[in-house]
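Taken in sequence, the protein lines are chains U and H. The numbering of the first sequence is my numbering, which starts it at 1 and goes up by one. The numbering of the second sequence is my numbering, which starts it at 1001 and goes up by one. A quick write-up on the structure given underneath.
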Amino acid sequence: QKEVEQNSGPLSVPEGAIASLNCTYSDRGSQSFFWYRQYSGKSPELIMFIYSNGDKEDGRFTAQLNKASQYVSLLIRDSQPSDSATYLCAGFFGGAQKLVFGQGTRLTINP
Amino acid sequence: DVKVTQSSRYLVKRTGEKVFLECVQDMDHENMFWYRQDPGLGLRLIYFSYDVKMKEKGDIPEGYSVSREKKERFSLILESASTNQTSMYLCASSQVGGGRPYEQYFGPGTRLTVT
C-alpha cells in the first residue's frame, strides 16, 4: 500500500515567519509530488509540483524533495494570514495517473 | 481556465435512496476522478476513469459505481445511500501524455448528507 503521511496539525506560525510543512512517503518508486492548498469550504488548488531532488522555488513558496530520505516539504516565507489553510501533499506513484494524498496539515498564521 | 463543475453544492438524501452526483469538465481531459473527503482522513479515491467507458476502482469503491458515457462527464452513483456515505465529494480531472503526471483540477465539491 503506497502511503503519504502528513502531520495533521494544527500548525500555528506567527505572521512574517517561515512555515514548514512536511510529508513522508513509503514508496521509493514515487517520482513526483504535488502540494495543494485548501481553504475551508473550498476545493484544493495546486501550489507546487516537484519531481527532482532538491529545491524548487516559486515566489514565497519553496518545495523540497529528498528521495533518499523519502520526504518532501513545503516552506512558506513571510507567512501571511491569507496562507491559513489546509495543505495537502500528494504523491504520484506511476502507472495509472493516480495521486495518493496525505491527510493534510492545517496551518494557521497568527497576525 | 480549466473548469470542473459539479451538479450540486449541497444534497440531502434519505437512507436507501439512489443518488447521482454529476461532474463536467470543459478542458477535454482524459482522466477524471471521484474522491471523498472526511475530517482526519484526507482525500480518498473512490473511482477514476482514463477514457470514455473506462473505469478503475480506487481505494474505497464499495457502495459506489460510476459512469462515463461522454469524455466531459463523469457520474458517481450511490446505489443505496447509507449514513456512512455522508461526506464531501470532490470530482477532479487531468490531462495525460509525455509519461509525466499532470495537475488534477478539482470541482467545488458536493456536501452530501444521508439521513
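No residue lacks a Cβ here, since even glycine has one placed at the ideal position from N, Cα and C. For clarity, every value in this text was computed on a predicted model and none was experimentally measured.
1. Pairs of beta-carbons, one from the stretch 52-72 of chain U and one from the stretch 1008-1021 of chain H, closer than 8 Å: are there three or more?
2. Let me make sure I understand the geometry here. Which of U/ALA85, U/SER84, U/PHE34 has the alpha-carbon closest to that of U/THR62?
3. Closest by CA to U/GLU45, which one among H/PRO1108, H/THR1113, H/THR1015?
4. Please state whether the Cβ-Cβ distance between U/TYR51 and H/ARG1100 is less than 9 Å.
5. Since H/ARG1068 is in the beta strand (DSSP E), which residue starts that stretch and which ends it?
6. Are the stretch 1088-1100 of chain H and the stretch 1028-1036 of chain H in contact at 8 Å, needing three or more beta carbon pairs?
7. Between H/GLY1042 and chain U, is there a C-beta pair that is closer than 9 Å?
8. Listing by chain order, which chain H residues have their CB less than 7 Å from the CB of U/SER43?
9. Can you tell me where the beta strand (DSSP E) with H/GLY1107 in it begins and where it stops?
10. Report all residues from its chain with a CB closer than 8 Å to the CB of H/ARG1044; omit the five preceding and five following residues, and keep chain order.
11. In this structure, what does DSSP give as the bridge partners for H/TYR1089?
12. Within 10 Å of its beta-carbon, does U/ILE76 have 16 or more other beta-carbons around it, so buried, or fewer, so exposed?
13. Could you give the residue range of the beta strand (DSSP E) that holds U/LYS56?
14. What span of residues does the beta strand (DSSP E) with U/ARG106 cover, start to end?
15. Kindly list, in the order they appear in chain U, the residues whose Cβ is closer than 7 Å to that of H/LEU1045.
16. State the DSSP-derived secondary structure class of H/SER1008, mapped to helix, strand or coil.
17. Rounded to the nearest angstrom, what separates H/VAL1048 and U/GLY41 at their Cα positions?
18. Quick one: what does DSSP say H/SER1075 is sitting in, helix, strand or coil?
19. If you draw a straight line from the alpha carbon of H/LYS1018 to that of H/ARG1068, how long is it in whole angstroms?
20. According to DSSP, simplified to helix, strand and coil, what is U/SER20?
21. In angstroms, rounded to a whole number, what distance separates the CA positions of H/VAL1114 and H/SER1087?
Straight from the coordinates:
1. no
2. In the first sequence, the residue the question calls residue 62 of chain U occupies position 62. Selected option, being the one with the closest Cα: U/PHE34.
3. Counted from its first residue, the first sequence places residue 45 of chain U at position 45. It is H/PRO1108.
4. To locate residue 51 of chain U, count along the first sequence from 1; it is residue 51. To locate residue 1100 of chain H, count along the second sequence from 1; it is residue 100. Yes. Within cutoff.
5. In the second sequence, counting from the first residue as 1, residue 1068 of chain H sits at position 68. Element bounds for H/ARG1068: 1064-1070.
6. yes
7. Against the second sequence, residue 1042 of chain H aligns to sequence position 42. So yes, H/GLY1042 belongs to the interface.
8. Mapped onto the first sequence, residue 43 of chain U falls at position 43. Here the neighbours are LEU1090, PHE1106, GLY1107, PRO1108, GLY1109.
9. Position 107 of the second sequence, counted from the first residue, corresponds to residue 1107 of chain H. Here H/GLY1107 belongs to no beta strand (DSSP E), and DSSP marks it neither H nor E.
10. As a working mapping, residue 1044 of chain H is identified with position 44 in the second sequence. If we look at H/ARG1044 and ignore the five residues flanking it on each side, its Cβ neighbours are TYR1035, ARG1036, GLN1037, ASP1038, GLY1058, ASP1059, ILE1060.
11. Start at 1 with the first residue of the second sequence, and residue 1089 of chain H comes out as number 89. Answer is H/ARG1036, H/THR1110, bridged to H/TYR1089.
12. As a first step, residue 76 of chain U is located in the first sequence; it is residue number 76 there, counting from the start. Flag for U/ILE76 reads buried.
13. Numbered from 1 along the first sequence, position 56 holds the residue referred to as residue 56 of chain U. Residues 54-58.
14. Locating residue 106 of chain U in the first sequence gives position 106, counting from the first residue. Start and end: 105-110.
15. For the purposes of this step, residue 1045 of chain H is taken as the residue at position 45 of the second sequence. Here the neighbours are LYS98.
16. Residue mapping note: residue 1008 of chain H aligns to position 8 of the second sequence, counting from 1. H/SER1008 falls in the coil class under three-state DSSP.
17. Within the second sequence, the letter at position 48 stands for residue 1048 of chain H. Within the first sequence, the letter at position 41 stands for residue 41 of chain U. Per the sequence shown, the amino acid found at residue 1048 of chain H is Phe instead of Val. Cα to Cα, H/PHE1048 sits roughly 23 Å from U/GLY41.
18. Locating residue 1075 of chain H in the second sequence gives position 75, where the first residue counts as 1. If DSSP states are grouped into helix, strand and coil, H/SER1075 belongs with the strands.
19. Counting from 1 along the second sequence, the entry for residue 1018 of chain H is found at position 18. Counting from 1 along the second sequence, the entry for residue 1068 of chain H is found at position 68. Cα to Cα, H/LYS1018 sits roughly 17 Å from H/ARG1068.
20. In the first sequence, the residue the question calls residue 20 of chain U occupies position 20. Strand, per DSSP.
21. Counting from one through the second sequence, the residue named residue 1114 of chain H turns up at place 114. Counting from one through the second sequence, the residue named residue 1087 of chain H turns up at place 87. The alpha-carbon atoms of H/VAL1114 and H/SER1087 are separated by roughly 9 Å.
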